[in-house]
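*Asks:* In the numbering used here, the protein residues as written are -12 to 306. My questions will all concern the structure given below.
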Amino acid sequence: MQLNQNKSKKRKVTPSDKHQLSISQERYQIPKYLTLNNQNINTSQKYQILEQIGQGSYSTIFIVENKLHGGYYAMKKVLQDPKQINRELEIHMSMHHPHIVPLRDHYFTIENKSKYLHLVMDLYQGNLKNAIRVPLKRVAKQLFQALQYLESQNIMHRDLKPANILYQSGNIYLADFGSSKKIDGSKSLSYVCSRAYRAPELLFGQIFYNTKIDIWAAGCILAELELGKSLFFGQNTVDQIVEICKLLGTPNELEKAELGCQFYIPDLQAKKLSMIFNNIVLNQKTDPLLIDLLSKIFVFSPSKRISTTEALQHPYFLQ
């Protein structure tokens, strides 16, 4: 089946379909997908597109139905730009962790002389961008467990944000490895990760960095879940640096050297992180241990930023 099929060949997801989906696609009830490479069938014909649910610069997300075995899945259709290095399939196939979205199937198609990769994955209720009242401590622990696994594999996600963390029944699953890269000593692009979650070393243009950029992004996500809004939200790169300095103060000379800072930054004084959480919605008191954990994440120097192992051993998760 080609993805640009006529509308007459598609059908919308009905209310009864969605009810069935919510029951059958519970994370721990999803049967492991059986590949059919030994059967005489074109892989692209196994899936019936039901509905488009997402759109990015290089990819489109669909709900699909497996016509041979039944069941609903998410399918990511990714343009394979010959000018870009495409690591997503290789990295995703190598990962196996309870809080990383499993890859169930994949195939390629050629459409209008362009090559597309199709990634078939489990379908979830939503993501942290649209989730309401998530159990923050549980989510935080699972997030650091997933990042600890990536660190053990020398993999940087490089695009952590609420929309890329899927959520279902109190559990999270890292998704979208289109920007991911294995640490191999080579130069890396600094223009990665959405600006609101971009670590200082990236903002300053560093081309040699490590998994600590994901730790910073994780801290931004947890702060956002607690505050209900982005902690740092600049209009451009320089503005983003200033927003961070308004909280952390101006980096000292050693920090500037490690970050590769080459330009003038106004002299700003650091604030207590607890002040940021004083006026959150409903006047709920933020756990002081969460604030302490975040204070160890929001550190200019990557070498001094808390690691995933240290984060998981923090008293916030032990009480």
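We put the CB at the ideal spot given by N, CA and C, even for glycine.
1. My output table needs one value for R91: the three-state DSSP class, helix, strand or coil.
2. So, Q142 versus K169, is the Cβ gap smaller than 9 Å?
3. Going straight from the alpha carbon of G57 to that of Y45, what length do you get?
4. Please report the distance separating the alpha-carbon of L190 from that of E297.
5. Taking contact to mean 3 or more Cβ pairs, one atom from each stretch, closer than 8 Å, check whether the region 72 to 79 and the region 115 to 127 are in contact.
6. If you reduce the DSSP assignment to three classes, tell me which class L269 lands in.
7. For K(-3) and A118, I'd like the C-alpha separation in whole angstroms.
8. Compute the distance between the beta-carbons of A127 and Y251, then report whether it is under 9 Å.
9. Compute the Euclidean distance between the alpha carbons of D254 and S101, then round it to the nearest angstrom.
10. Report the three-state DSSP secondary structure of S177 (helix, strand or coil).
11. Buried or exposed: V65, going by 16 or more other Cβ atoms within 10 Å of its Cβ?
12. Rounded to whole angstroms, what's the CA-CA distance from I284 to V88? Just pull it up for me.
13. Distance check for D68 and R182, CA to CA, integer angstroms please.
14. Could you tell me whether the region 108 to 117 touches the region 147 to 157, using the rule of 3 or more Cβ pairs below 8 Å?
15. List the endpoints of the continuous alpha helix (DSSP H) containing L212.
16. Using the Cβ count rule (16 or more neighbours within 10 Å means buried), how would you classify G43?
17. Once the 5 residues before and after K291 are set aside, which same chain residues still bring their CB inside 6 Å of it?
18. What number of angstroms, rounded off, separates the C-alpha of K258 from the C-alpha of T237?
19. Buried or exposed for E211, please, with buried defined as at least 16 other CB atoms from any protein chain shown within 10 angstroms of its CB.
20. Apply the 10 Å Cβ neighbour rule to V225 and answer buried if 16 or more other Cβ atoms are within range, or exposed otherwise.
21. Please work out which residues of its chain come closer than 6 Å, Cβ to Cβ, to T30, disregarding the five sequence neighbours upstream and downstream, and give them in chain order.
22. Is the separation between the beta-carbon of K63 and that of D146 shorter than 9 Å?
23. Considering just the uninterrupted stretch of the beta strand (DSSP E) at Q129, what are its terminal residues?
24. Would I159 and Y184 be called neighbours here (beta carbons separated by less than 9 Å)?
25. Near L281, what residues of its chain come up, given a Cβ to Cβ distance below 8 Å and the 5 sequence neighbours on each side ignored?
26. Near I263, which residues of its chain fall below 6 Å by C-beta distance, leaving aside the five closest residues on each side in sequence?
27. With a cut-off of 8 Å on the beta carbons, I'd call I200 and E188 a contact; round off their distance for me.
*Replies:* Reading it off the structure:
1. Taking the sequence shown and counting its residues from 1, one reaches residue 91 at position 104. Strand at R91.
2. The sequence position of residue 142 within the sequence shown is 155, counting from 1. The sequence position of residue 169 within the sequence shown is 182, counting from 1. Going by the sequence as given, residue 142 is Ile instead of Gln. Yes, Cβ-Cβ distance for I142 and K169 is below 9 Å.
3. Reading the sequence shown from its first residue, position 70 is the one you call residue 57. Reading the sequence shown from its first residue, position 58 is the one you call residue 45. Computed Cα separation, rounded: 28 Å.
4. Counted from its first residue, the sequence shown places residue 190 at position 203. Counted from its first residue, the sequence shown places residue 297 at position 310. Roughly 25 Å separates the two Cα atoms.
5. The region 72 to 79 makes no contact with the region 115 to 127, as fewer than three CB pairs between them are under 8 Å.
6. Residue mapping note: residue 269 aligns to position 282 of the sequence shown, counting from 1. Caution applies to L269, whose pLDDT of 49 falls short of 50 and renders its modelled position unreliable; the value that the coordinates give is listed next. Looking at L269 - three-state DSSP - the assignment turns out to be helix.
7. Within the sequence shown, residue -3 is the residue found at index 10, counting from 1. Within the sequence shown, residue 118 is the residue found at index 131, counting from 1. Note that K(-3) scores a pLDDT of 46, beneath 50, so its modelled location is shaky and nothing firm can be said.
8. Taking the first residue of the sequence shown as 1, we reach residue 127 at position 140. Taking the first residue of the sequence shown as 1, we reach residue 251 at position 264. In this structure, Y251 does not lie closer than 9 Å to A127 by Cβ.
9. Position 267 of the sequence shown, counting from 1, holds the residue named residue 254. Position 114 of the sequence shown, counting from 1, holds the residue named residue 101. Cα-Cα distance, rounded: 51 Å.
10. Here residue 177 is taken as the residue at index 190 of the sequence shown, counted from 1. Reduced to three states, the DSSP call for S177 is coil.
11. Taking the sequence shown and counting its residues from 1, one reaches residue 65 at position 78. Under this definition V65 is a buried residue.
12. Counting from one through the sequence shown, the residue named residue 284 turns up at place 297. Counting from one through the sequence shown, the residue named residue 88 turns up at place 101. Straight-line spacing of the CA atoms in I284 and V88 works out to 25 Å.
13. Counting from 1 along the sequence shown, the entry for residue 182 is found at position 195. Counting from 1 along the sequence shown, the entry for residue 68 is found at position 81. Whole-angstrom Cα-Cα distance: 23 Å.
14. Contact between the region 108 to 117 and the region 147 to 157 is present, because at least three Cβ pairs lie under 8 Å.
15. As a working note, residue 212 is residue 225 in the sequence shown. Boundaries of the alpha helix (DSSP H) around L212: 199 to 214.
16. The count along the sequence shown starts at 1 and reaches residue 43 at position 56. G43 should be labelled exposed.
17. Here residue 291 corresponds to residue number 304 of the sequence shown, with the count starting at 1. Counting only Cβ-Cβ distances below 6 Å, and skipping sequence neighbours, we find nothing.
18. Mapped onto the sequence shown, residue 258 falls at position 271. Mapped onto the sequence shown, residue 237 falls at position 250. The alpha-carbon atoms of K258 and T237 are separated by roughly 11 Å.
19. Taking the first residue of the sequence shown as 1, we reach residue 211 at position 224. So E211 ends up on the buried side.
20. In the sequence shown, the residue the question calls residue 225 occupies position 238. Classification for V225: exposed.
21. Here residue 30 is taken as the residue at index 43 of the sequence shown, counted from 1. Close CB contacts of T30 within its chain, under the 6 Å cut and outside five residues either way in sequence, are with Y94 (chain order).
22. If you number the sequence shown from 1, residue 63 lands on position 76. If you number the sequence shown from 1, residue 146 lands on position 159. The criterion of a C-beta distance shorter than 9 Å is not satisfied by K63 and D146.
23. For the purposes of this step, residue 129 is taken as residue 142 along the sequence shown, with counting starting at 1. That residue, Q129, is in no beta strand (DSSP E); its alpha helix (DSSP H) goes 123 to 139.
24. On the sequence shown, residue 159 is found 172 positions in, with the first residue counted as 1. On the sequence shown, residue 184 is found 197 positions in, with the first residue counted as 1. Between I159 and Y184, the C-beta gap is not smaller than 9 Å, which leaves the two residues out of contact.
25. As a working mapping, residue 281 is identified with position 294 in the sequence shown. Excluding positions up to five away in sequence, the list reads G206, L209, A210, L260.
26. Mapped onto the sequence shown, residue 263 falls at position 276. Cβ neighbours of I263 beyond the five flanking positions: none.
27. On the sequence shown, residue 200 is found 213 positions in, with the first residue counted as 1. On the sequence shown, residue 188 is found 201 positions in, with the first residue counted as 1. Right, their Cβ atoms sit about 7 Å apart.
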